[in-house]
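Q: So the protein sequences, as listed, match chains A and B.
Under the working numbering, the residue at position 141 of the first sequence is numbered 137, and the numbers go up by one with no gaps.
So the mapping is simple: the working numbering equals the position in the second sequence, first residue as 1, plus 401.
Heads up, the beta-carbon is just placed ideally off N, CA and C, and yes, glycines get one too.
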Amino acid sequence: MKKTALAFLLILFLCVNSAYSQYYVDFTKPDLDGNDVSLSKLLEKGPVMISFWATWCSPCKEEMKKMHPIYEKYKDQGFTYLAVNQDNQKSISKVKSFINANGYTFPVVLDLDKHVFEDYNGVGLPYSLIIDKNKNIIAKHLGYITGDEVMIEKEIKDALSGKDSKEINKDIKEESK
Amino acid sequence: MLIKFLFLIIILSSSVSYGQLSLKDLRVNAAVNNLLRYGNGYQYTGSIKNPKEYFENLTDAKIKINDVEFGIRYELSDSIEYGLNFKGIAKRYIEYDHKYGISVRAGNFWEVISRGNSLNLFEDRTLYYDTGIDGVRLTYESVSENTNPLKIKAQIIGGNINFRDYLNPERIENYKLRNFYLRVTPLKPITFGYNYVHSNGELPEEGIVTLVKSDVNEGILNINYSDFQFYTSYVYKSSVITPNEIYPTPSTANGDALYNSLSYSKDKFGLTMEYKNYRFDVTLPDNRSNTRPSRMLPYQNPPTAQFENNTVLTSRNPHVVDFNDEVGGQINFIYAPNDKLSFELNGSIASKHYQYEDIDTSSVINYQRIERGNSWLPDMSNAFSPFWEIYLQAENYYSDRLYGKLALVFQNNVVYNQIIPSSSEIIKTMTVPLEVKYSFTNKYTLTFVNETQWASNSINIGDKNYINQYNSLTYSISPILNFTVSSEFTNNEDEPTGKKSWFTGDVSYKLNESNTFGVSYGSERGGLKCTNGICRFVQPFEGFRVLIATQY
Chain A
-3 MKKTALAFLL ILFLCVNSAY SQYYVDFTKP DLDGNDVSLS KLLEKGPVMI
47 SFWATWCSPC KEEMKKMHPI YEKYKDQGFT YLAVNQDNQK SISKVKSFIN
97 ANGYTFPVVL DLDKHVFEDY NGVGLPYSLI IDKNKNIIAK HLGYITGDEV
147 MIEKEIKDAL SGKDSKEINK DIKEESK
Chain B
402 MLIKFLFLII ILSSSVSYGQ LSLKDLRVNA AVNNLLRYGN GYQYTGSIKN
452 PKEYFENLTD AKIKINDVEF GIRYELSDSI EYGLNFKGIA KRYIEYDHKY
502 GISVRAGNFW EVISRGNSLN LFEDRTLYYD TGIDGVRLTY ESVSENTNPL
552 KIKAQIIGGN INFRDYLNPE RIENYKLRNF YLRVTPLKPI TFGYNYVHSN
602 GELPEEGIVT LVKSDVNEGI LNINYSDFQF YTSYVYKSSV ITPNEIYPTP
652 STANGDALYN SLSYSKDKFG LTMEYKNYRF DVTLPDNRSN TRPSRMLPYQ
702 NPPTAQFENN TVLTSRNPHV VDFNDEVGGQ INFIYAPNDK LSFELNGSIA
752 SKHYQYEDID TSSVINYQRI ERGNSWLPDM SNAFSPFWEI YLQAENYYSD
802 RLYGKLALVF QNNVVYNQII PSSSEIIKTM TVPLEVKYSF TNKYTLTFVN
852 ETQWASNSIN IGDKNYINQY NSLTYSISPI LNFTVSSEFT NNEDEPTGKK
902 SWFTGDVSYK LNESNTFGVS YGSERGGLKC TNGICRFVQP FEGFRVLIAT
952 QY
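1) Would you say Ser557 of chain B and Phe523 of chain B are within 8 Å of each other, going by their C-beta atoms?
2) If the cut is a Cβ gap below 8 Å, which residues of chain B does Lys136 of chain A touch?
3) So what does DSSP say about Val417 of chain B, is it helix, strand or coil?
4) Less than 8 Å separating the beta-carbons of Tyr20 of chain A and Ile152 of chain A?
5) According to the neighbour-count rule (16 or more other Cβ atoms, all chains shown, within 10 Å of its Cβ), is Trp903 of chain B buried or exposed?
6) Short of 7 Å in beta carbon distance, which residues of its chain neighbour Asp628 of chain B, apart from the five on each side in sequence? Order them along the chain.
7) Given this structure, state the Cα-to-Cα distance separating Leu138 of chain A from Ala432 of chain B, to the nearest angstrom.
8) Any idea which residues DSSP pairs Cys53 of chain A with across the strands?
9) Give, in chain order, every residue of the stretch 627 to 648 of chain B whose Cβ lies closer than 8 Å to some Cβ of chain A.
10) Please specify which runs of the alpha helix (DSSP H), each continuous and at least 4 residues long, are wholly inside the stretch 66 to 139 of chain A, giving them in chain order.
11) Taking just the CA atoms, how far does Gly502 of chain B sit from Lys37 of chain A?
12) Suppose you measure from the CA of Val617 of chain B to the CA of Ala795 of chain B; what does that come to, to the nearest Å?
13) Give me the residue from B:Arg584, B:Ser857, B:Asn655, B:Val610 with the minimum Cα distance to Thr684 of chain B.
14) In the DSSP assignment, what are the bridge partners of Val598 of chain B?
15) Using Cβ-Cβ distances below 8 Å, what residues of the stretch 120 to 131 of chain A are close to chain B?
16) Quick one: grab the DSSP three-state call for Met697 of chain B.
17) Any chance you could list the beta strand (DSSP E) runs of at least 3 consecutive residues sitting entirely within the stretch 704 to 765 of chain B, in chain order?
18) How big is the Cα-Cα spacing for Tyr679 of chain B and Ser873 of chain B?
19) Does Phe593 of chain B pass the burial test, meaning 16 or more other C-beta atoms within 10 Å, or should it be called exposed?
20) At what residues does the alpha helix (DSSP H) containing Glu476 of chain B begin and finish?
21) So if DSSP puts Ile771 of chain B in a beta bridge, which residue, or which two residues, is it bridged to?
22) Going along chain C, which residues have a C-beta under 9 Å from Phe670 of chain B?
23) For a contact meaning CB atoms closer than 7 Å, what does Ile735 of chain B contact in chain A?
24) Give the interface partners of Thr142 of chain A over in chain B, defined as CB-CB distance under 7 Å, in chain order.
25) In the stretch 633 to 671 of chain B, which residue ranges form an unbroken beta strand (DSSP E) of at least 3 residues, counting only runs that do not cross its ends?
26) Can you tell me whether Arg357 of chain B is buried or exposed, with buried defined as 16 or more other CB within 10 angstroms of its CB?
27) Any Cβ of chain B within less than 8 Å of the Cβ of Ser157 of chain A?
28) Between Ser87 of chain A and chain B, is the shortest Cβ-Cβ distance under 8 Å, so that the two count as touching?
29) Does the stretch 684 to 702 of chain B come close enough to the stretch 777 to 794 of chain B to have 3 or more Cβ pairs within less than 8 Å?
30) Using the DSSP secondary-structure output, state which residues sit across from Phe884 of chain B in a beta bridge.
31) Between which two residues does the alpha helix (DSSP H) carrying Ala155 of chain A extend?
32) Report the residues of the stretch 47 to 64 of chain A with a CB closer than 9 Å to any CB of chain B, ordered along the chain.
33) Assuming Asn518 of chain B and Ala658 of chain B make a contact with CB atoms under 8 Å, what is their CB distance in whole Å?
34) Helix, strand or coil: how does DSSP classify Ser627 of chain B here?
35) Measure the Cβ-Cβ separation of Gln769 of chain B and Asn521 of chain B and say whether it is below 8 Å.
36) Give me, in chain order, the residues of the same chain whose beta-carbon lies closer than 8 Å to that of Gly489 of chain B; leave out the 5 immediate sequence neighbours on both sides.
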C-alpha cells in the first residue's frame, strides 16, 4: 500500500511541469593552472553554462566537443562555458592532458571533493545548468543525447537576450512542434 | 550528543543574526532529488534461478536560509536490491557557510583529502559501499579576493563511521575518527599539504570484537607549472591491535604508500604517468583476509593508477587492486592532430611486491618471503600475481553526421595459487570495441556498438579458449528519448549460469527538464562491478527494471 501511494505521488510530480527551484550557489574553485575561478565573477560578464563532466564519461566528452565551437561563437558576447570536472582520485591526473591535447579553451575547474556537484543537486553525469546574469537558473539538463547542443545553443541565445526560464521553455516547446 | 549540541548552536547563532534582519533580507531556497528503482524478475546464483523483487526510493531534500542549509535523505528500501533493508531518515545535516571562508557542517557527510590516500569517504550504492561519517567538519579556506598570493586551507573533522562490510552487510566496523588537514600554497605553482587521521576501531569477527587504534600521516606536494603537473603523496599508517581470543598477542601493524603522478601537455598532445607503491599491509599469503585488522583502513582509498575501462566486455574482468600489497603504474598518451581525430594509448602494469615459498617440508604450511632489492618495481612472473593492460583507441568525427571509434585492448591478469601453482588463474583477453554513430538530422541518431573478445582462462574445466561478443543498437531522439536493444553471446563452457546468450531492451524518456523515466526488460549477464578499486560480484538478472529520477 505504501509503495503504491509513493508511486502515485511520484507520478503526480512527474506530470507537473516544474519551475526551477534548484537555486544558485556561488563557488570558487581552482582551474587547471591553479588560478581561482569564481562563478559570480563570470556572471558579471554574462550567462554561464556550468557543465559537470568526467574523463570516463563518454556522453560528457561528446557534449564538450559539440559545445566548444558554441562557446567560441558566443564568448565575446559574455557567455562562458564552465566545465566542472568530477574525476575522482583514480583519473584526476589525466584531466589537464585531456583538455590541453584537445585544444579546449573554455575554463575548466576541479571539484575533486564534489562539493559543487552536491550544492547543485547533481545525481549523474553529464549534468549542466545555464545561469543568467541575474543568477537565475534558466535551464537544466541531465544526460546528453546527440543533437542536444541545438537546443542548448537556443537557450544560450535566449539567455544572452535576457529571457527568463518560462519564456525559454515556451520557445523550446513551440520549436519542437 | 555532541552533534545535537552543535545543531543547536548553529540554529541559535543563525536565529540571533536573523533577529537583526527584516523579512525582506531572508533568502529561502529549496531543492529535492528523488531516485526510485524497482526490479522484478529472477536472479541467478550459479545456475539456480531465484525470484527477485526490489524497491528502493531515495529522497534528498534541502532548504537554504541565507547562509544556513539543512538537508535530509529519506530512504525506503524494502526490499533492497543488494544489502539490508532500510526505512527512515538515512542522512541529515546542517551546514553554515560564511563569506570569509569559514564553513561548519554537522551531521552526515562524505569527504576526500587530496587524492584520498589517507582519507576518502564516499558512497556507492551499487556496491552497497558507504564510508560516510556522522560528525562535524570545520573548514577554513582563504578567499580569492585577498591580494596575498598565500592560500591556506585548514580542516578538522571528528565523528563516527559505521562501515558495513559490503561483502557481508551484517558485519559492521565502527571507527571513531579525528582528522586534521592543512594545505598551504605559498606561491601559485606549489602546494604543500599534511593530513593526520587518528581512529579507534571496533572490528567484529566470529562474535569477538577486536580493538584497533590507528594513526595515519600523509605528506603531499603538488607542483603545477606551465605545461607540467607533478603530484606526490607519502602515507605512513600504524595500527595497534589490542589482544583478544582471535589475536592473543599484542601487535603493531605498520605500513606505508607512495603515489606519484606526472603529466605534460601542450596543444594536440598530453602525457600522464602514474606510479603506485602500496605497502599498507604486506603479509603472508595465508593471512590476506579482507577483515584482518592490520589492513588498510576502510576510510582510505588511494588512486588505482590503472586504466579505467568503459566498454562492457573490458570492464567485466577488471584487475582488483590490492591496496595493501601492490606496486605498478600506468602511462597514458593522448594525441589529437585536429579537432576531428584523436588517438589514445594506455599501458598499465601491477604486481605484488614479493613471492613466497613454503619452507616447511612437513604437511604444515609455513610461508617465507623471498626478498628482492627492487621491490619498488613490479615483477611479471606468475608468483607475483601480475597484471598488465594495453589500450589503443582512435576516434574520428568524419562529418557532422558520422562518428566512429575503434579500440584494441589486451589484458592479462594472474591470480597466483600459492599451494598449487599449476592451478593459478591466468586470464588473457584481446578485445576489439567498435562504435559507429550516424545522425540523420539534428534530432535523430543511430548508434551501433560491437565488442568482440577473444579470451582464455587457465582454470576452465571445459575449453580454456572462448569468445564473448556484445552488440547494441540505440535510437535517440534529441532531447527526450533513447531506445536501446542489446545482446551478448559467449561460447564459454564454464559460464556459471550455463547460459550462452542475453538480450535486453531499454527505454529512457525525459518527461520534462526535471524528470527522467527509464525501463529495461531482458536478461543481464552480471559480473564484477568495481568503483575506486572496490569490487563486488553482481549476480545475473532476468526481468524488468524501472528507474525514475526527479530533480527539483
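A: From the atom records:
1) Here the question's residue 557 of chain B lines up with position 156 in the second sequence. Here the question's residue 523 of chain B lines up with position 122 in the second sequence. First, the amino acid is wrong: residue 557 of chain B is Ile here, not Ser. Judged by their CB atoms, Ile557 of chain B and Phe523 of chain B are not nearer to each other than the 8 Å cut-off.
2) Position 140 of the first sequence, counted from the start, is the residue given in the question as residue 136 of chain A. Here the neighbours are Glu914, Ser915, Gln952.
3) Sequence index remark: in the second sequence, residue 417 of chain B carries index 16 (1-based). No answer about Val417 of chain B holds up, because its pLDDT of 40 lies below 50 and its placement is not dependable.
4) Within the first sequence, the letter at position 24 stands for residue 20 of chain A. Within the first sequence, the letter at position 156 stands for residue 152 of chain A. No.
5) Numbered from its first residue, the second sequence carries residue 903 of chain B at position 502. By the 16-neighbour rule on beta-carbons within 10 angstroms, Trp903 of chain B is buried.
6) Here residue 628 of chain B corresponds to residue number 227 of the second sequence, with the count starting at 1. Cβ neighbours of Asp628 of chain B within its own chain (closer than 7 Å, five residues either side excluded): Tyr665, Ser666, Lys667.
7) Sequence index remark: in the first sequence, residue 138 of chain A carries index 142 (1-based). Sequence index remark: in the second sequence, residue 432 of chain B carries index 31 (1-based). Answer to the nearest angstrom: the Cα atoms are 15 Å apart.
8) As a working mapping, residue 53 of chain A is identified with position 57 in the first sequence. Looking at the DSSP output, Cys53 of chain A sits in no beta bridge, so it has no partner there.
9) Those residues of the stretch 627 to 648 of chain B that come within reach of chain A (Cβ to Cβ, closer than 8 Å) are Asp628, Gln630, Tyr632.
10) Entirely contained in the stretch 66 to 139 of chain A, the alpha helix (DSSP H) runs reaching 4 residues are, in chain order, 91 to 97, 111 to 115.
11) Position 41 of the first sequence holds residue 37 of chain A. Position 101 of the second sequence holds residue 502 of chain B. Distance from the CA of Lys37 of chain A to the CA of Gly502 of chain B, rounded to the nearest whole angstrom, comes to 17 Å.
12) As a working note, residue 617 of chain B is residue 216 in the second sequence. As a working note, residue 795 of chain B is residue 394 in the second sequence. Per the coordinates, the alpha-carbon of Val617 of chain B lies some 42 Å from the alpha-carbon of Ala795 of chain B.
13) Residue 684 of chain B sits at position 283 when you count from the first residue of the second sequence. Of B:Arg584, B:Ser857, B:Asn655, B:Val610, the residue nearest in Cα terms is B:Asn655.
14) Your numbering for residue 598 of chain B matches position 197 in the second sequence. Note: Val598 of chain B sits in a beta bridge opposite B:Asn580, B:Val617.
15) Here the close residues are Gly120.
16) By 1-based counting over the second sequence, the position of residue 697 of chain B is 296. When secondary structure is reduced to three states using DSSP, Met697 of chain B falls in the coil class, being assigned neither helix nor strand.
17) With a minimum length of 3 residues, the continuous beta strand (DSSP E) runs that stay inside the stretch 704 to 765 of chain B are 727 to 736, 742 to 752, 756 to 759.
18) Counting from 1 along the second sequence, the entry for residue 679 of chain B is found at position 278. Counting from 1 along the second sequence, the entry for residue 873 of chain B is found at position 472. Answer to the nearest angstrom: the Cα atoms are 39 Å apart.
19) On the second sequence, residue 593 of chain B is found 192 positions in, with the first residue counted as 1. Exposed: under 16 other Cβ atoms inside 10 Å.
20) Residue mapping note: residue 476 of chain B aligns to position 75 of the second sequence, counting from 1. Segment 469 to 478 is the beta strand (DSSP E) holding Glu476 of chain B; no alpha helix (DSSP H) there.
21) For the purposes of this step, residue 771 of chain B is taken as the residue at position 370 of the second sequence. Per DSSP, B:Gln756.
22) In the structure shown, chain C cannot be found, because the protein chains are A and B.
23) Sequence index remark: in the second sequence, residue 735 of chain B carries index 334 (1-based). Contact of Ile735 of chain B with chain A by beta-carbon distance below 7 Å involves Ser93, Phe94, Ala97.
24) If you number the first sequence from 1, residue 142 of chain A lands on position 146. Within 7 Å Cβ-Cβ: Lys838, Ser840, Thr846, Ser877, Ser879.
25) Here the runs fully enclosed are 652 to 667.
26) Look at the range of chain B in this structure, 402 to 953, and you will see that residue 357 of chain B is not part of it.
27) Numbered from its first residue, the first sequence carries residue 157 of chain A at position 161. So no, Ser157 of chain A is outside the interface.
28) Against the first sequence, residue 87 of chain A aligns to sequence position 91. Taking Cβ atoms only, chain B reaches closer than 8 Å to Ser87 of chain A, which makes this a yes.
29) Touching, no.
30) Residue mapping note: residue 884 of chain B aligns to position 483 of the second sequence, counting from 1. For Phe884 of chain B, which the question treats as bridged, DSSP gives the partners B:Tyr876, B:Val908.
31) Numbered from 1 along the first sequence, position 159 holds the residue referred to as residue 155 of chain A. Boundaries of the alpha helix (DSSP H) around Ala155 of chain A: 144 to 156.
32) Those residues of the stretch 47 to 64 of chain A that come within reach of chain B (Cβ to Cβ, closer than 9 Å) are Thr51, Trp52, Cys53, Ser54, Glu58, Lys61, His64.
33) Here residue 518 of chain B corresponds to residue number 117 of the second sequence, with the count starting at 1. Here residue 658 of chain B corresponds to residue number 257 of the second sequence, with the count starting at 1. Beta-carbon to beta-carbon, Asn518 of chain B and Ala658 of chain B are separated by about 6 Å, close enough to satisfy the 8 Å threshold.
34) Here residue 627 of chain B refers to the residue found at position 226 when the second sequence is read from its first residue. It is coil, neither helix nor strand.
35) Translated into positions along the second sequence, residue 769 of chain B becomes position 368. Translated into positions along the second sequence, residue 521 of chain B becomes position 120. At least 8 Å separates the beta-carbon of Gln769 of chain B from that of Asn521 of chain B.
36) Numbered from its first residue, the second sequence carries residue 489 of chain B at position 88. Cβ neighbours of Gly489 of chain B beyond the five flanking positions: Tyr475, Glu476.
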